[in-house]
Amino acid sequence: MNKVPMTLTGAEQLRKELDYLKFEHRPELSEAIASARELGDLKENAEYHAAREEQGICEARIRDIEGKLSNAQVIDVTKMANTGRVIFGATVTILNLDTDAEVTYRIVGDDEADIKANLISVNSPIARGLVGKNVGDEVSIQTPGGVADYEITEVEYI
């Protein structure tokens with residue numbers, strides 16, 4: 201299988217979620233199923249069916265997280281020398297040359313992306329246009345709103 205890039209923070213968050221699901225949520229669901237069983241006829245027992253469905257969702261999420269972690273290539277940019285080059289995991293400040301608006305993004309894996317927190321996927325159009333460029337470079341990026349011109353003003357490995 202192909203390795204999927206993931207930041208150290210993203211891997212830690214997945215591990216925390218996995219621990220919660222395995223050691224807290226899963227036992228709670230087992231108790232809910234057991235208490236629902238005691239209520240009688242399982243065919244007409246809504247609590248039992250809801251708990252079983254929730255258990256299935258939980259188990260699927262556990263398998264999903266384990267799969268992602270097993271295929272993850274965890275990249276910690278804080279241990280790399282900052283060359284001013286945009287790479288996976290870098291925090292990049294760009295200036296829109298048309299509007300003079302400045303924005304800072306961190307380039308992360310697909311599962312970690314959250315545009316509200318300025319975390320963009322390495323596979324997004326903006327990240328693909330920035331990766332490999334250096335501080336001071338001007339780039340034209342095709343966005344849903346059309347072509348936008350940016351200047352890379354700062355690259356941090358934090």
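Counting from 1, position 33 in the sequence shown corresponds to residue 233 in the working numbering; the numbering is continuous, with no gaps.
Where a beta carbon is used, it is the ideal one built from N, C-alpha and C, also for glycine.
No experiment lies behind these values; they were computed from the predicted model shown.
Closest Cα partner of residue i within the set the options
| i | options | result |
| --- | --- | --- |
| Phe288 | Leu214, Glu356 and Glu224 | Glu356 |
| Glu354 | Asn282, Gly345 and Ile315 | Asn282 |
| Asn202 | Leu269, Lys279, Arg285 and Ala317 | Leu269 |
| Val274 | Gly332, Leu229, Val347 and Val204 | Val204 |
| Gly267 | Leu218, Lys333 and Phe223 | Leu218 |
| Glu228 | Glu351, Leu295 and Gln255 | Gln255 |
| Pro225 | Leu208, Ala246 and Ala260 | Just to set this straight, residue 225 is His in the shown sequence, not Pro. That would be Ala260, whose Cα lies nearest to the Cα of His225. |
CB contact check: residue i to chain B, cutoff 7 Å
| i | result |
| --- | --- |
| Val355 | No chain B is present in this structure, which holds just one protein chain. |
Host alpha helix (DSSP H) of residue i (start-end)
| i | result |
| --- | --- |
| Thr209 | Leu208 to Tyr220 |
| Asp349 | Note, Asp349: premise wrong, no alpha helix (DSSP H); beta strand (DSSP E) at Gly346 to Glu356. |
| Ala281 | That residue, Ala281, is in no alpha helix (DSSP H); it is neither H nor E in DSSP. |
Outcome for residue i when other beta-carbon atoms lying within 10 angstroms are tallied against a minimum of 16
| i | result |
| --- | --- |
| Thr299 | exposed |
| Met206 | buried |
| Ile265 | buried |
| Gly210 | buried |
| Val286 | buried |
| Val322 | buried |
| Val347 | exposed |
| Ala290 | buried |
| Tyr220 | exposed |
| Leu242 | exposed |
| Leu239 | exposed |
Boundaries of the beta strand (DSSP E) in which residue i is found, first to last residue
| i | result |
| --- | --- |
| Glu238 | Unbroken run through Glu238: none, as it is neither H nor E. |
Residue i: CB within 6 Å of a non-hydrogen atom of the ligand GTP
| i | result |
| --- | --- |
| Lys316 | Inclusion of the ligand GTP in the displayed structure is not the case, the ligand content being empty and no account of it being possible. |
Margin query: So, does the stretch 221 to 236 touch the stretch 292 to 307, judging by three or more C-beta pairs under 8 Å?
Written below: Cβ pair count under 8 Å is below three, so no.
Notebook entry, point to check: Does the stretch 206 to 222 touch the stretch 311 to 327, meaning 3 or more C-beta pairs lie closer than 8 Å?
Noted result: Contact between the stretch 311 to 327 and the stretch 206 to 222 is present, because at least three Cβ pairs lie under 8 Å.
Next item on the list: Starting from the N-terminal side, write out each stretch of the beta strand (DSSP E) that is 3 residues or longer and does not extend beyond the stretch 295 to 334.
Entry: Within the stretch 295 to 334, complete beta strand (DSSP E) segments of at least 3 residues are found at 302 to 308 and 319 to 321, given in chain order.
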